[in-house]
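Same order as they appear, the protein sequences are chains A and B. With UniProt numbering, the residue at position 84 of the first sequence is 84, and numbering never jumps. With UniProt numbering, the residue at position 94 of the second sequence is 94, and numbering never jumps. What follows is a short report on a single structure.
2 protein chains.
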Amino acid sequence: MGTTQLETVPEPKYWHLKTVLSEALDQDFAVGEVLPNERELAARFGVARATLRQALEQLELEGRLQRRRGVGTTVAPPRVGVAVASAGQSWPGESADGWEVVDADVTDAALPSAAVLKLLGGAGADQPVHTVRRTRVSHGQAVAAELLYVPAASVPGLSAIDAPAGPARARAVLRELQRLDLDGQDRSVELGSARADDAKELDRLPGAPVLVVTTRYFTAVGTAAVSVATYRADTCRLTFGDSVDVEITHEARVAS
Amino acid sequence: MGTTQLETVPEPKYWHLKTVLSEALDQDFAVGEVLPNERELAARFGVARATLRQALEQLELEGRLQRRRGVGTTVAPPRVGVAVASAGQSWPGESADGWEVVDADVTDAALPSAAVLKLLGGAGADQPVHTVRRTRVSHGQAVAAELLYVPAASVPGLSAIDAPAGPARARAVLRELQRLDLDGQDRSVELGSARADDAKELDRLPGAPVLVVTTRYFTAVGTAAVSVATYRADTCRLTFGDSVDVEITHEARVAS
DNA sequence: CAGTGGTCTAGACCACGAG
DNA sequence: TCGTGGTCTAGACCACTGT
């Protein structure tokens, strides 16, 4: 810190702060340790609280910190590697694919949004669409919330009044899905912010950064189901392929 | 909106603002159109500029807006689907895999960070590591910057003084890599913030949100190379598998 | 040059969690 | 009840882009 020289192009304070804090975290703090509160940190660095917060925000985005209202700011553990598409292609819910819990279930006419309907192709246009909610738990913590859309046409064996809306029907839908021949699937990952319901499920504030994984499941007939899963971006590292679970810390991205 | 009742837990202003703006973007604005400047928008909504900015920030994070200093805020086009691991496994640089440009090249002793060294296994411990820089262009725009680490041991056919540091050597390294038998690979995706050099390459400010794709390339002997690619999170949607390029807009995530 | 977004300040009040 | 982080304000100045 004391070696800071006059810079021709002054870098923003919060950026510099972030660097300093980052180094301090590496050297002087252990995982789980709580930092001094924001007001004190700001005073200690001689900046406004808002500026300090801008630095903390970035560090939280990078998974280095965890902030909880009413509690404090703690040093976050390294991100958990979460397997997505671990082995070959398979239906959701097959062979304990990591989604340990089935949460609830509702059926509705046009619940899914326009874009999801587009992904479903013609299937969901008029017919009702089953909506299955699941959550994924890893290391005792909720890491993802999923909404699975299954057009009624995909699971003809299931009548609308087959089971009372709820976990029971959710399981029935998954069971019926697994009877079909999976012809292929298709995945995309993008950054998003948590909707209110997902945020609650993930124990985060609304708007928290999430990785949105959209999966389409194909049969010979067409798109049989679409899954939209939102993963906590602060705590998760999505892994693909036969990834050995090697620890990757932020250091992988520190410039030399 | 008119149906909003008195809420026991009032939602934050910026959150509400974001919703309102989001709907306005859908209805009253075309892609590329410029919004009124921040000061005017803030005044129009009766909030402080900082609050307005918090809403804009979220919308930019979700890829709905694009803000450029000195220019203004414009409505962003839908995210580009960028294929990652499109077909089977292959070495980087093979068969026009989307990385259209080779940028530069340097060789060094311990340039890679500790975590990258760990990913490389014992290989990079003492030996020099080739560092290849590439950028990926899509639709005329830089969407990703990559740093490829190749331990000298992986490409014994290449002597250190084989080619002058620069694009020429970069291509030489890739050529040598492709001679090897690729035994497998391994990928992970996580959220990060752009380092200064990557940010410059991607035409973003430092700290901008990026999707960090880390890939390990295996031969029978061990890890032959490690690639760390940072994608612009605001403009990119990473696709995996035989993804048909269906347009996915933010609407896929709008609650019903 | 004027106008834009980016940074920063020094306050204030609120919602939440724990004792 | 108290301390924490979360939200919000009303300013100010700076850095960049275009004309």
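The beta carbon of each residue, even a glycine, is placed where N, CA and C say it ideally should be.
query: Rounded C-alpha distance that separates residue 229 of chain B from residue 136 of chain B; result: 9 Å
query: Classification of residue 36 of chain A by the beta-carbon crowding that lies within 10 angstroms, buried from 16 upward; result: exposed
query: Burial state of residue 92 of chain B, where buried means 16 or more other Cβ atoms lie within 10 Å; result: buried
query: Short Cβ contact (8 Å threshold) for residue 215 of chain A with residue 185 of chain A; result: yes
query: Residues near residue 41 of chain B in its chain [Cβ-Cβ closer than 6 Å; skip 5 each side]; result: 52
query: Element boundaries [alpha helix (DSSP H), containing residue 55 of chain A]; result: 49-61
query: Opening and closing residue of the alpha helix (DSSP H) in which residue 167 of chain B lies; result: 167-179
query: Any non-hydrogen atom of the ligand FAD closer than 7 Å to residue 235 of chain A Cβ; result: By its list of ligands, the structure shown contains no ligand whatsoever, and the ligand FAD lies outside what it can speak to.
query: Simplified DSSP assignment, three categories, for residue 27 of chain A; result: helix
query: CB of residue 76 of chain B within 8 Å of CB of residue 66 of chain B, strictly; result: yes
query: Residue from A:209, A:46, A:31 whose Cα sits closest to the Cα of residue 38 of chain A; result: A:46
query: Spatial neighbours of residue 5 of chain A in its chain, beta-carbon cut-off 7 Å, leaving aside the 5 residues before and after; result: Because residue 5 of chain A sits at a pLDDT of 40, beneath the cut-off of 50, its placement in the model cannot be relied upon, and the following sentence gives the value as read from the coordinates. So the list is empty, once near-sequence residues are dropped.
query: Nearest to residue 113 of chain A (by Cα), restricted to the options A:227, A:181, A:237, A:234; result: A:227
query: Residue interval of the beta strand (DSSP E) (run including residue 65 of chain B); result: 65-68
query: Chain-ordered chain A contacts of residue 202 of chain B [CB-CB under 9 Å]; result: Neighbours of residue 202 of chain B on chain A: none; closest Cβ ~14 Å, over 9 Å.
query: Contacts of residue 207 of chain A in chain B (Cβ-Cβ under 7 Å); result: 15, 58
query: Beta-carbon proximity list for residue 150 of chain A, same chain, < 6 Å, skipping 5 on both sides; result: 130, 173, 225
query: Collapsed DSSP secondary structure at residue 239 of chain A in the structure displayed; result: strand
query: Residue interval of the beta strand (DSSP E) (run including residue 191 of chain B); result: 184-193
query: Local conformation of residue 21 of chain A per DSSP, three classes; result: helix
query: Cβ shell of residue 239 of chain B (< 6 Å), same chain only, five flanking positions each side left out; result: 81, 83
query: Beta-carbon neighbours of residue 191 of chain B, restricted to chain A and to distances below 7 Å; result: 61, 191, 209, 211, 233
query: Cβ of residue 42 of chain B within 8 Å of any chain A Cβ; result: no
query: Contacts of residue 27 of chain B in chain A (Cβ-Cβ under 9 Å); result: Ordered by position in chain A, no residue passes the 9 Å Cβ test against residue 27 of chain B, which lies about 13 Å from the chain.
query: Three-way DSSP call (helix, strand, coil) for residue 158 of chain A in this model; result: coil
query: 6 Å Cβ shell around residue 58 of chain A - same chain, five flanking residues per side excluded; result: 18
query: Where residue 85 of chain A meets chain B, residues with beta-carbon distance less than 9 Å; result: 240, 241
query: Interface positions of the region 174-185 of chain B facing chain A (Cβ-Cβ less than 8 Å), listed along the chain; result: 184, 185
query: As assigned by DSSP and simplified to three states, the class of residue 71 of chain B; result: coil
query: Alpha carbon of residue 244 of chain A to alpha carbon of residue 192 of chain B, nearest angstrom; result: At residue 244 of chain A, the pLDDT of 47 sits below 50, so the modelled position is not reliable; the number obtained from the coordinates is stated separately. Going from the Cα of residue 244 of chain A to the Cα of residue 192 of chain B covers about 21 Å.
query: Residue 35 of chain A - containing beta strand (DSSP E), residue span; result: Careful: residue 35 of chain A lies outside any beta strand (DSSP E) and carries neither H nor E.
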